[in-house]
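A.B. asks: In our numbering, the protein residues as written are 72 to 238.
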């Protein structure tokens, strides 16, 4: 083997070793969504791969940004103008809405939207808002329900003073 061939093979092997140590560009490496960090502590959820009544219990220790949706339905608008959706998260947030086009005369329509949403305060009060929105404006009705009645029931003896209607 000649010295020239030996030196070429040696240089090529050094170049191959040097290229192997270079980091490759990976746009997904630092994004926690594509790594396993996004679903941390979600083992049971990931194994079941479906929603059932298992997560229906309210868990106050889950922050709103980390709460999973445990139930969701969506009736899509297929051109008729009506729609409906609802959702519920594992930390007690619930929302639903239905919209229907209403004939107001002169061949004009307006959307009549009826819905509700609720959440649980850190004090244990479930605050709910039911609303109706149409051509006459947005008309909400706020309700509160005491989940921890023995502790917080004394605070709201007269809910009319607070602007709530107790149910």
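The beta-carbon is built from N, C-alpha and C at its ideal position, and this holds for glycine as well.
1. Can you tell me which of 196, 195, 173 and 213 puts its alpha carbon nearest to the alpha carbon of residue 207?
2. For residue 163, count the other beta carbons within 10 Å of its own beta carbon; 16 or more makes it buried, fewer makes it exposed. Which is it?
3. Report back the beta-carbon spacing between residue 187 and residue 167 to the nearest angstrom; my notes put them in contact at under 8 Å.
4. For residue 139, I'd like the list of residues in its chain whose CB is within less than 6 Å of its CB, leaving aside the five on either flank, ordered along the chain.
5. Is the beta carbon of residue 183 closer than 8 Å to that of residue 200?
6. Does DSSP put residue 147 in a helix, a strand or coil?
7. Roughly how many whole angstroms lie between the Cα atoms of residue 156 and residue 165?
8. So, with DSSP's three-state summary, where would you put residue 153?
9. With DSSP as the reference, please indicate the residues paired to residue 174 in a beta bridge.
10. Would you report the Cα separation of residue 146 and residue 169, rounded to the nearest angstrom?
11. Over the uninterrupted beta strand (DSSP E) stretch that includes residue 206, give me the two end residues.
12. In angstroms with no decimal places, state the Cα-to-Cα distance between residue 196 and residue 179.
13. When we look at the beta-carbon of residue 215 and count the other beta-carbons within 10 Å, is it buried (16 or more) or exposed?
C.D. replies: Quick answer:
1. 173
2. buried
3. 6 Å
4. 161
5. no
6. coil
7. 11 Å
8. coil
9. 180
10. 9 Å
11. First-last for residue 206: undefined, no H or E at that position.
12. 42 Å
13. buried
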